[in-house]
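If you use our numbering, the sequence shown corresponds to residues 2 to 116, in order.
Backbone N, C-alpha and C fix where the C-beta goes; we use that ideal spot for every residue, glycine too.
In what follows, a single structure is set out as structure tokens and then discussed.
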Amino acid sequence: MWPPAPVMELARLAVDSGGDPGAIHRALDPTMLPVSAQGVKVPDVEASQENRCELTRTPYGRRFANEEISSYFAFLFELIVARGPSVGLNVSLSRYDLFHGQLFLASKTGRLGIL
Numbered sequence: 002m003w004p005p006a007p008v009m010e011l012a013r014l015a016v017d018s019g020g021d022p023g024a025i026h027r028a029l030d031p032t033m034l035p036v037s038a039q040g041v042k043v044p045d046v047e048a049s050q051e052n053r054c055e056l057t058r059t060p061y062g063r064r065f066a067n068e069e070i071s072s073y074f075a076f077l078f079e080l081i082v083a084r085g086p087s088v089g090l091n092v093s094l095s096r097y098d099l100f101h102g103q104l105f106l107a108s109k110t111g112r113l114g115i116l
């Protein structure tokens, strides 16, 4: 079933919490990812360092505790590439584009969104 149950649970938590970011933060693995002094840096691909591209503004990075959530985000990127031509788009994404996906909470509705 897509989206998988853990993604639907995140959406439910977002609404039930009234849009509290803490509800989503609690779904993250508590393990802090190693970082450099400047933050978690994107590998120097496609001029990312020159353009000052960073994964996070915080001094740490984290992953979702549930692998199905991460897999769903990867699935969405693969789907964009596969279906782009059917709507007239010539799409080429690399694994580094996955870093630019955004998960957000709509402030007025508390609903979870993905960009």
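Query                                                                                         : Result
Coarse secondary structure for residue 77, derived from DSSP in three states                  : helix
Contact between the stretch 83-94 and the stretch 8-24 (3+ Cβ pairs under 8 Å)                : no
Residue of 62, 70, 25 minimising C-alpha distance to residue 6                                : 70
Rounded separation between residue 108 and residue 116 - CA only                              : 15 Å
Candidates 74, 4, 26: closest to residue 106 by CA position                                   : 26
Within the stretch 8-32, ranges of the alpha helix (DSSP H) (whole runs, at least 4 residues) : 22-26
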